[in-house]
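Read the structure below first, then the notes.
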Amino acid sequence: LEFLGTGEFHFIAAAVADHGERAASADAAGEPSYVLSKQDKTLLTTLANYVEKFQSADGTWSLSRSSAQDRDSRGDVAGLYTYAALMGLKIANRCGVKVQAATWEKSLRYCLRTQDPKGETIRAAGAAPGSRGSQRARGWDFDAPSSSRDFSPFELDTSNALASLVICRSEILNGQKGK
10 LEFLGTGEFH
20 FIAAAVADHG
30 ERAASADAAG
40 EPSYVLSKQD
50 KTLLTTLANY
60 VEKFQSADGT
70 WSLSRSSAQD
80 RDSRGDVAGL
90 YTYAALMGLK
100 IANRCGVKVQ
110 AATWEKSLRY
120 CLRTQDPKGE
130 TIRAAGAAPG
140 SRGSQRARGW
150 DFDAPSSSRD
160 FSPFELDTSN
170 ALASLVICRS
180 EILNGQKGK
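The sequence shown begins at 10 in our numbering and counts up one residue at a time.
Right, dumping it as structure tokens:
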């Protein structure tokens with residue numbers, strides 16, 4: 010656990026996911042069983058709690074623990090780190106580690122808030138000209154605010170944001186079922 014003091018967040022998020030997956034065993038049907046030994050659950054809880062505390066007020070994660078303004082000036086806030094953190098926390102949650110509902114909610118709000126508000130108009134594949142088959146391509150660009158002239162949705166940011174939305178939604182819905 011010596012890397013916890015390094016601030017190397019990407020190692021910690023990867024360790025949560027890796028430890029959770031490695032500690033899971035298969036049941037009789039070959040499906041993953043997320044019943045952990047006491048030692049594994051203690052380690053996974055420590056890692057997951059650290060990752061959760063690393064979340065910024067806006068719902069993102071980054072490589073450093075510096076202020077959001079400082080991270081933004083270095084381009085350090087990226088969907089990749091947020092996605093990695095959410096994936097690790099989802100795995101930890103499946104293994105019985107409690108993740109706060111606010112963690113999922115903050116990240117969900119961030120992803121919704123940073124999506125391209127307008128999007129380029131495109132015609133859906135196979136739609137006839139003049140039909141109601143046009144849609145808006147609304148993606149993400151984590152390097153520029155959606156209100157900026159420099160905002161340009163990017164495939165990697167969009168895929169990370171969509172995966173993050175799915176993770177947050179599923180964990181919020183799963184938490185509501187448990188109540």
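Ideal placement from N, C-alpha and C gives every residue a C-beta, glycine not left out.
Nearest to R190 by alpha carbon, out of K127, P154, G135? For residue 190 there is no data in the structure shown, the boundaries of the chain being 10 and 188.
By a C-beta neighbour count over all protein chains shown, 10 Å radius and 16 as the cutoff for buried, is N169 buried or exposed? Answer is buried; the Cβ neighbour count reaches 16.
The beta strand (DSSP E) that contains Q2, what's its start and end? Outside the modelled stretch of the chain, which goes from 10 to 188, sits residue 2, for which no answer is possible.
Quick one: measure Cβ to Cβ for W149 and G88, integer angstroms, because I've assumed they're closer than 8 Å. 6 Å
Residue interval of the beta strand (DSSP E) (run including T123): From DSSP, T123 is part of no beta strand (DSSP E) but of the alpha helix (DSSP H) over 110–123.
What are the boundary residues of the alpha helix (DSSP H) that includes T91? 88–103
Alpha-carbon spacing of I5 relative to R147, whole angstroms: Missing from the structure shown is residue 5; the chain here goes from 10 to 188 and no further.
Burial state of S71 (16 or more Cβ within 10 Å): buried
At least 3 beta-carbon pairs within less than 8 Å: the region 150–166 vs the region 44–57: no
Nearest to L171 by CA position, among G135, Q185, L121, is which residue? Of the candidates G135, Q185, L121, the one whose C-alpha sits nearest the C-alpha of L171 is L121.
Judging by CA-CA distance, which residue of L117, A111, Q185, Q48 is the nearest neighbour of Y92? L117
Measuring alpha carbon to alpha carbon, tell me which of E114, G97, S65 ends up nearest Q185. E114
Option in L182, G105, K62 with minimal Cα separation from S46: G105
Just the Cα atoms here: how many angstroms apart are A111 and D159? 31 Å
Proximal residues to A153 (C-beta, below 8 Å), its chain only, five neighbours per side dropped: D159, F160, S161
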